[in-house]
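Numbering (this note's numbering), first residue to last: 3 to 451. For each residue, glycine too, the CB sits at the ideal point set by N, CA and C. Notes for the one structure printed next.
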Ligand code: ADP
C-alpha cells in the first residue's frame with residue numbers, strides 16, 4: 003500500500019531525468035553541428051588567402067592563423083607543417099593525425115576533445131598537393147553554449163519542482179477530503195448514527211461525486227434501518243393484541259370459570275387468537291424466505307382456472323358468512339409453484355370478501371391476454387382511496403385497521419412478492435365506495451393455451 007502521490011512523483015522524476023538526458027544529447031548535437039559549420043566556413047574563407055605563384059606558396063596577410071579559437075595550419079602530404087602551428091600542448095600527438103579531405107571529425111588529444119577538418123589545396127609544385135587543417139578545442143567552443151544549456155537545465159528542474167509542489171498541494175487537499183469522509187464513516191460506525199452525512203466543499207468533481215454516492219448509500223441505509231425498526235415495532239404491536247387477549251382470557255378463566263362450558267369457551271378464544279398469531283408468523287416467515295431467496299420454487303404447469311375454482315369451492319364449503327362468488331373461468335395456463343400461487347389467489351379472494359358490502363358480490367375470472375395469464379378478483383365493496391393504492395403493498399399497512407381486525411397488512415406484500423418471483427405482478431384499480439379489482443398477472447406458459 004502506498005500514498006497516491008508516490009507514483010505520479012516517481013513518474014515526474016523519471017520524466018525530468020529523461021528530459022535532462024534529451025537536452026544534453028540535443029545540445030551536444032547542436033554544438034557539434036555549429037562547431038563543424040564554423041570550422042568549415044572559416045577554413046573555406048582562409049583557403050582563399052593561399053596561392054601559388056611561380057611554384058612558390060604565397061600566404062596573404064589576410065590569412066588568419068587563429069580565429070575564434072580555430073587554429074589553422076598548412077601541411078604537406080607527409081604531414082609536415084609548412085605554415086602555422088599546433089597549440090603547444092598537443093603538437094606531438096597531432097602530428098600523427100592522418101589527412102581526411104573535407105571531413106570534420108573529433109580527435110582526443112591531451113585529454114581534450116578537438117574537432118579537426120582538412121581541406122586539400124594545390125601544392126607549390128605542379129601536380130603536388132597541400133592541406134589546410136583547421137582545429138578547435140571543443141571546450142573553447144562549448145563555453146558559448148554552456149550558459150544556454152545551464153538555463154535549460156534550470157528551467158526543467160524549476161518546472162519539475164513546480165509540478166511536484168502542485169501535486170503535493172493537490173494530494174494534501176484530496177487527503178483532507180478523504181480524511182473527512184473517513185471520520186464521518188467512523189463516527190457513523192461507532193455511534194450508529196445514520197443521520198450523519200459526509201460533507202464536501204465541492205472543490206473536486208470526482209470527490210464530490212464520491213461523496214454524493216456515499217451519501218445516497220447512507221440515505222438508503224438509513225431508510226432500510228428505519229424500515230427495520232418500523233417492522234420490529236409493527237410485529238410487536240400486532241402480536242400484542244392476540245397475546246393480551248390470550249392472557250386476559252386465561253386470567254378470567256382462572257378467577258371466574260365454574261363449569262366445563264366456561265372452559266370450552268375460553269379454549270375457543272385462546273385457539274382463535276393462537277391461530278391468528280400462527281397465521282401472522284407463517285406470513286412473516288414466507289416473506290422473509292422470499293426476501294432472502296430461500297424459497298425453493300417447484301415449477302410445474304398450472305391451470306389457473308382450475309386452481310381458482312378449487313380455492314373458491316374450498317371457501318364455499320367452509321360456509322362462511324360472505325358474499326356470493328361468481329366465477330367466470332377461461333383458459334389461463336402458467337408455470338410456477340402451485341403452493342405459492344394458491345396463497346395469492348386465496349389472499350385476493352379473501353380480501354374481496356372481507357371488504358365487500360353486506361349483500362355484495364365477488365366476481366372471479368381467469369383468462370389470457372397477450373403474453374399473460376391472469377386471475378382477476380373484483381368486488382363491489384368499500385374500495386380504496388387513490389392515495390392508498392400504492393401503500394397497500396407495504397408491510398403492515400392497512401387502510402382502515404378498525405374495519406380489518408382480522409388481517410395484519412401482510413397478505414398483499416406477500417402476494418406481490420410471490421408474483422414477482424414468478425416474473426409476474428399484481429395490478430389494482432379501485433374507486434372508493436364502489437369497489438376494487440385486483441389482477442394477478444403471470445407469464446403465459448408457451449404452448450399452454
Ligand atoms: P390484510 O391481511 O390486512 O387484508 P392485505 O395486505 O391483504 O392485508 O391488505 C392490505 C390493506 O389493503 C387492507 O388492510 C385493506 O385496507 C386494503 N385492501 C386490500 N384488498 C382490498 C379490497 N379488495 N377492497 C378494499 N380494500 C382492500
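query, result
"Proximity test, residue 401 beta-carbon vs the ligand ADP heavy atom, cut-off 6 Å", "yes"
"Close beta carbons around residue 236, own chain, < 6 Å, minus the five adjacent residues each side", "398"
"Paired residues, beta bridge with residue 327 - DSSP", "364"
"Strand pairing of residue 304, partner residues [DSSP]", "336"
"contact_flag[the segment 360-369, the segment 326-339] where n(CB pairs < 8 Å) is 3 or more", "yes"
"Paired residues, beta bridge with residue 121 - DSSP", "134"
"Near the ligand ADP: residue 357 beta-carbon under 6 Å from a heavy atom", "yes"
"Per-residue DSSP class, three states only, for residue 194", "coil"
"Alpha-carbon to alpha-carbon, residue 210 and residue 232", "32 Å"
"Cβ pair residue 310, residue 337 closer than 7 Å", "no"
"Nearest-angstrom Cα separation, counted from residue 81 out to residue 98", "8 Å"
"Alpha helix (DSSP H) segment containing residue 262, residue limits", "262-293"
"Which of helix, strand or coil DSSP assigns to residue 435", "coil"
"Residue 411 beta carbon near the ligand ADP (any heavy atom closer than 6 Å)", "yes"
"Secondary structure of residue 359, DSSP reduced to three states", "coil"
"Residue span of the beta strand (DSSP E) that contains residue 61, given as start and end", "58-61"
"Whole-angstrom distance between residue 301 and residue 340, CA atom to CA atom", "8 Å"
"Cβ neighbour criterion (16 or more within 10 Å) applied to residue 35", "exposed"
"C-beta neighbour in chain D for residue 331, strict 7 Å", "The question asks about chain D, but that chain is absent: this structure has only one protein chain."
"Residue 200 beta carbon less than 7 Å from that of residue 216", "yes"
"Residue span of the alpha helix (DSSP H) that contains residue 253, given as start and end", "207-258"
"Between the CA atoms of residue 175 and residue 18 - distance to the nearest angstrom", "25 Å"
"For residue 283 and residue 290, the rounded distance between their alpha carbons", "10 Å"
"Under 7 Å between C-beta atoms of residue 106 and residue 127", "no"
"When 316, 439, 355 are compared against residue 376, the one with the closest alpha-carbon", "439"
"Per-residue burial, residue 442 [other beta carbons within 10 Å of its own, 16 or more giving buried]", "buried"
"Touching by the beta-carbon criterion (3+ pairs, under 8 Å), the segment 244-258 and the segment 430-438", "no"
"Beta-bridge partners of residue 116, as assigned by DSSP", "109, 139"
"Cβ shell of residue 29 (< 6 Å), same chain only, five flanking positions each side left out", "151"
"Residue environment, residue 285, which counts as buried when at least 16 other CB atoms sit within 10 Å", "buried"
"C-beta contact flag for residue 436 and residue 362 at 7 Å", "no"
"Distance between residue 155 and residue 22 (C-alpha atoms, nearest Å)", "7 Å"
"Cβ-based burial, residue 79 [other Cβ within 10 Å; buried from 16]", "exposed"
"Collapsed DSSP secondary structure at residue 2 in the structure displayed", "In this structure the chain extends from 3 to 451, so residue 2 is not present and cannot be described."
"Check: residue 442 C-beta below 6 Å from any heavy atom of the ligand ADP", "no"
"Chain-order list of residues whose beta-carbon lies under 6 Å from that of residue 390 (same chain, five-residue window excluded)", "401"
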